[in-house]
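**Q** Start counting the sequence shown at 1; every next residue gets the next number (full-length UniProt numbering). Note that the Cβ used here is the ideal one computed from N, Cα and C, for glycine as well. On a predicted model such as this, the values are computed, not experimentally measured, just so you know.
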Amino acid sequence: MYDPVQLRTFLTVAQTLSFTQAAGRLGVRQSTVSQHVRRLEEATGRPLFLRDTHSVELTEDGEALLGFARTILEAHERAAAYFTGTRLRGRLRFGASEDFVLTRLPEILEGFRHEHPEVDLELSVELSGTLHERLDEGRLDLVLAKRRGPGDERGRLVWRDRMVWIGAEGLRVDPERPVPLIVFPPPGITRARALEVLERDGRGWRIACTSGSLSGLVAAARAGLGVMAHTRGLIPPGLVRVAGLPDLGSVEFALLRGGRSSPAAEALASAILSGADRLTRPA
1 MYDPVQLRTF LTVAQTLSFT QAAGRLGVRQ STVSQHVRRL EEATGRPLFL RDTHSVELTE
61 DGEALLGFAR TILEAHERAA AYFTGTRLRG RLRFGASEDF VLTRLPEILE GFRHEHPEVD
121 LELSVELSGT LHERLDEGRL DLVLAKRRGP GDERGRLVWR DRMVWIGAEG LRVDPERPVP
181 LIVFPPPGIT RARALEVLER DGRGWRIACT SGSLSGLVAA ARAGLGVMAH TRGLIPPGLV
241 RVAGLPDLGS VEFALLRGGR SSPAAEALAS AILSGADRLT RPA
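1. Since T210 and D99 should fall inside the 8 Å C-beta cutoff, what is the C-beta to C-beta distance between them, to a whole number of angstroms?
2. Please list the terminal residues of the continuous alpha helix (DSSP H) segment that includes H114.
3. Which runs of the beta strand (DSSP E) at least 3 residues long sit entirely within the region 137-165? Give them in chain order.
4. Classify D3 as helix, strand or coil using the three-state DSSP reduction.
5. Hey, F68 and V37: beta-carbon distance below 9 Å or not?
6. Three-state secondary structure (DSSP) at A64?
7. Go through its chain and collect everything with a Cβ distance to G226's Cβ below 6 Å, but skip five positions before and after it.
8. Any idea what DSSP makes of S213, helix, strand or coil?
9. Enumerate in chain order the residues of its own chain whose CB-to-CB distance from R91 is below 6 Å, with the five nearest sequence positions on each side excluded.
10. Spell out a yes or no on whether the region 40-50 and the region 58-72 are touching, meaning 3 or more CB-CB pairs, one atom from each, closer than 8 Å.
11. Our contact map puts W159 next to Q15 with C-beta atoms below 8 Å; I'd like the distance itself, whole angstroms only.
12. Could you spell out where the beta strand (DSSP E) holding residue 284 opens and where it closes?
13. Going straight from the alpha carbon of P4 to that of D247, what length do you get?
14. Quick check on the DSSP output: the alpha helix (DSSP H) that includes I182 runs from which residue to which?
15. Does DSSP classify A168 as helix, strand or coil?
16. Using only alpha-carbon positions, find the residue among L273, A221, L140 that is nearest to residue 288.
17. Return helix, strand or coil for A271, following the three-state DSSP convention.
18. What does a CB cutoff of less than 6 Å around H116 pick up in its chain, not counting 5 residues either side in sequence?
19. Assuming S274 contacts E74 under a Cβ cut-off of 8 Å, what Cβ separation, rounded to an integer in Å, is found between them?
20. Output the boundary residues of the beta strand (DSSP E) element that contains R191.
21. Per DSSP, which one or two residues make a beta bridge with H36?
22. For A96 and E122, what's the separation of their Cα atoms in angstroms?
23. Please say whether L239 and I166 have beta carbons closer to each other than 9 Å?
24. Please tell me whether F184 and L144 are closer than 9 Å, where the distance is taken between their beta carbons.
25. Please classify T71 as buried or exposed, where buried requires at least 16 other C-beta atoms within 10 Å of its C-beta.
26. On the DSSP letters alone, give me the boundaries of the alpha helix (DSSP H) that R203 sits inside.
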C-alpha cells in the first residue's frame with residue numbers, strides 16, 4: 001500500500017519543508033516529488049501537506065504518518081541489509097553539533113551500531129564551527145552541523161528551521177539596556193548570528209554567560225541570566241520564546257562528508273537522513 005520510494009520522498013519534504021529542496025536532496029525533479037506526494041495522499045486518502053507559493057506545512061495526518069513512514073523504511077532497510085549479506089567494517093569518525101545533545105540522535109546512532117557492529121564509530125560533539133574546521137583538516141569523516149550561513153550549500157540538507165530568542169519564562173528584555181546574551185564561544189555559528197543581527201538592528205548587548213556546553217547555556221537561561229539564540233524546533237524544556245528582539249532568520253543543518261568517503265559513512269548518512277524527523281524531538 002505504501003511505496004518505500006514515496007515514503008522516503010514524503011520524509012524528505014517533511015524535513016526540509018520544501019519540494020524544491022527535497023528534489024535537490026533526492027536527485028530528482030520537483031515534479032517527481034509532487035507526484036510521489038500526490039500518490040501517497042491518494043493511498044492514505046488524506047492530505048499530508050498544506051502548501052502554497054510561500055510555505056509547506058505538515059497536516060495533522062502528515063504528522064501521524066511520520067512515525068509510520070520511518071518504521072516502514074527502517075524495516076525495509078534491515079531486510080535489504082540482511083539479504084545482501086554485506087557487513088561494513090572500519091573506523092568512522094562522526095561529528096555532531098551540540099544542538100543535538102538533547103534530541104533523539106542517540107537512538108539513530110544506537111540503531112546504526114546494532115546494524116553495523118563491526119564499524120568502530122567515534123563520536124565528537126562540538127560547536128558547528130569547530131566541526132567544519134575539523135572536517136576541513138581531515139580529522140572527521142562525516143559531520144552533522146549547521147551550515148555557516150546564507151550561500152553555504154555544502155553537504156546534503158537535513159533540516160531547515162527558524163532561529164528564535166529564548167529565555168526563562170517571564171523574562172523581559174529592557175529595550176533601554178544592553179541585551180544580556182547567553183552564547184557559545186567562538187567559532188559558534190549561533191553566536192555570530194546573534195551578534196550580527198543585534199548590531200545590524202542597532203541594539204547594544206553584553207555577554208552574560210559563555211559556555212561550550214549546551215547544558216551550561218540552558219542552565220544559565222533557566223536561571224534568568226539572559227537570552228540565547230536557538231533553533232525553534234529544539235527549544236529545551238523550561239525555556240520559552242522571548243519577544244521584542246530582531247529576527248534571527250533561518251538555519252540549515254546539513255550532512256557533510258570529508259575527503260575520505262567510505263561505505264560506513266554512506267550508511268550512517270542514510271540512517272540520519274531517514275530518521276531526521278527524530279532530530280526535532282527531545283529525548
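**A** If we stick to the structure as given:
1. Between D99 and T210 the Cβ distance is about 17 Å, and since that is not below 8 Å, they are no contact.
2. 105-115
3. Secondary structure within the region 137-165: the beta strand (DSSP E) runs of 3 or more consecutive residues, fully enclosed, are 142-146 (chain order).
4. coil
5. Contact: no.
6. helix
7. P180, L181, I182, A208
8. Correct three-state label for S213: coil.
9. D120
10. yes
11. 5 Å
12. The question about residue 284 has no answer here: the residues shown for the chain are numbered 1 through 283.
13. 38 Å
14. Careful: I182 lies outside any alpha helix (DSSP H), inside the beta strand (DSSP E) at 179-183.
15. strand
16. Past the boundaries of the shown model lies residue 288; the chain is included only from 1 to 283, so the question cannot be answered.
17. Here A271 sits in helix by DSSP.
18. L88
19. 7 Å
20. No beta strand (DSSP E) contains R191, which is instead part of the alpha helix (DSSP H) from 189-200.
21. Beta-bridge pairing links H36 to no other residue.
22. 11 Å
23. yes
24. Judged by beta-carbon spacing, L144 lies beyond the 9 Å limit of F184, meaning their Cβ atoms are not closer than that value.
25. exposed
26. Premise fails: R203 is in no alpha helix (DSSP H) and is neither H nor E.
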